[in-house]
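In what follows, a structure is listed as structure tokens, so that the remarks can point back to it.
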Amino acid sequence: GAVVSQHPSRVICKSGTSVKIECRSLDFQATTMFWYRQFPKQSLMLMATSNEGSKATYEQGVEKDKFLINHASLTLSTLTVTSAHPEDSSFYICSANPPGRANTEAFFGQGTRLTVV
Amino acid sequence: GENVEQHPSTLSVQEGDSAVIKCTYSDSASNYFPWYKQELGKRPQLIIDIRSNVGEKKDQRIAVTLNKTAKHFSLHITETQPEDSAVYFCAASDDTGNQFYFGTGTSLTVIP
Chain A
1 GAVVSQHPSR
11 VICKSGTSVK
21 IECRSLDFQA
31 TTMFWYRQFP
41 KQSLMLMATS
51 NEGSKATYEQ
61 GVEKDKFLIN
71 HASLTLSTLT
81 VTSAHPEDSS
91 FYICSANPPG
101 RANTEAFFGQ
111 GTRLTVV
Chain B
1001 GENVEQHPST
1011 LSVQEGDSAV
1021 IKCTYSDSAS
1031 NYFPWYKQEL
1041 GKRPQLIIDI
1051 RSNVGEKKDQ
1061 RIAVTLNKTA
1071 KHFSLHITET
1081 QPEDSAVYFC
1091 AASDDTGNQF
1101 YFGTGTSLTV
1111 IP
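As they're listed, the protein sequences go chains A and B.
Just so you know, we're using this note's numbering here: the first sequence kicks off at 1 and counts up by one.
Just so you know, we're using this note's numbering here: the second sequence kicks off at 1001 and counts up by one.
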């Protein structure tokens, strides 16, 4: 199956700093990647759709200036949490699908546990 | 847009018993319904999926049923084992793209 790799798996940062999370498709090119946020024992909440070469599409209620998404290449999307605060602490996870395989299983990264202290 | 609802939110069963998780969806255009199992701090893993041209699919102890008319689908786990304990998510998508709409999740605990 397709492989999506996410880094880092865990990060602890101080309040007010920024954190960058990377999502890579290792064996396929992904024009679209998805970023989710997940609170403990809750579902995956779609934050934004990352589009290669263009602006990300954010879901309602998600601050685009807070959660910066860059999809500069066909294999890499980054999510930067700017000026992080404790309430940003969460599990962030990305997903992507190989081209031509729409409507098949989503391939997820390993997820990133962000703790803001 | 699509709205996927999932019940129950928590479920405890004795080892060896069956577990059933139900989901409903709102968009009749949805035609692909995967189920994911997620262990704490790990990525969701696909355990079974079904397409709208099929009413039922089974893989060993796991089965999924789909009722297109009623717009609901269910996950059935038989002979549950402690290692089945996890959070399970249903999802729906259509042919327009890769976006999935996830249910709210069910935390399953199998009691030894």
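Glycine is no exception: its CB is placed at the ideal position from the N, C-alpha and C atoms.
All values reported here derive from a predicted model rather than from experimental measurement.
Counting only runs that start and end within the region 1063 to 1105 of chain B, where is the beta strand (DSSP E) found for 3 or more residues in a row? 1072 to 1077 and 1086 to 1092
- request: For the beta strand (DSSP E) holding residue 1051 of chain B, just list the boundary residues, first then last.
  value: 1045 to 1051
For residue 1105 of chain B, which residues of its own chain have a beta-carbon under 6 Å away from its beta-carbon, when the five flanking residues on both sides are left out? 1087 and 1089
Q. Considering only residues of the region 18 to 63 of chain A, which uninterrupted beta strand (DSSP E) runs meet the minimum length of 3 residues and lie entirely inside it, listed in chain order?
A. 19 to 25, 32 to 38 and 44 to 51
### CB contact check: residue 110 of chain A to chain B, cutoff 7 Å
yes
- Message: Short of 6 Å in beta carbon distance, which residues of its chain neighbour residue 1014 of chain B, apart from the five on each side in sequence? Order them along the chain.
- Response: 1111
Pick from B:1033, B:1101, B:1080 and B:1093: whose alpha carbon is nearest that of residue 1011 of chain B?
-> Of B:1033, B:1101, B:1080 and B:1093, the residue nearest in Cα terms is B:1080.
**Request:** Can you tell me the Cβ-Cβ gap for residue 112 of chain A and residue 40 of chain A, rounded? I've got them flagged as a contact below 8 Å.
**Result:** Residue 112 of chain A to residue 40 of chain A, Cβ: 15 Å. No contact.
Is it the case that the Cβ atoms of residue 62 of chain A and residue 84 of chain A are separated by a distance below 7 Å? No, the pair does not count as a contact, with Cβ atoms beyond the cut-off.
Short CB-CB distance (under 7 Å) between residue 106 of chain A and chain B = yes
Alpha carbon of residue 47 of chain A to alpha carbon of residue 1093 of chain B, nearest angstrom: 17 Å
_Spatial neighbours of residue 12 of chain A within its chain, please: C-beta separation below 7 Å, excluding the five flanking residues on both sides._
Apart from the 5 residues on each side of it in sequence, residue 12 of chain A sits with its Cβ closer than 7 Å to the Cβ of 115 and 117 in its chain, given in chain order.
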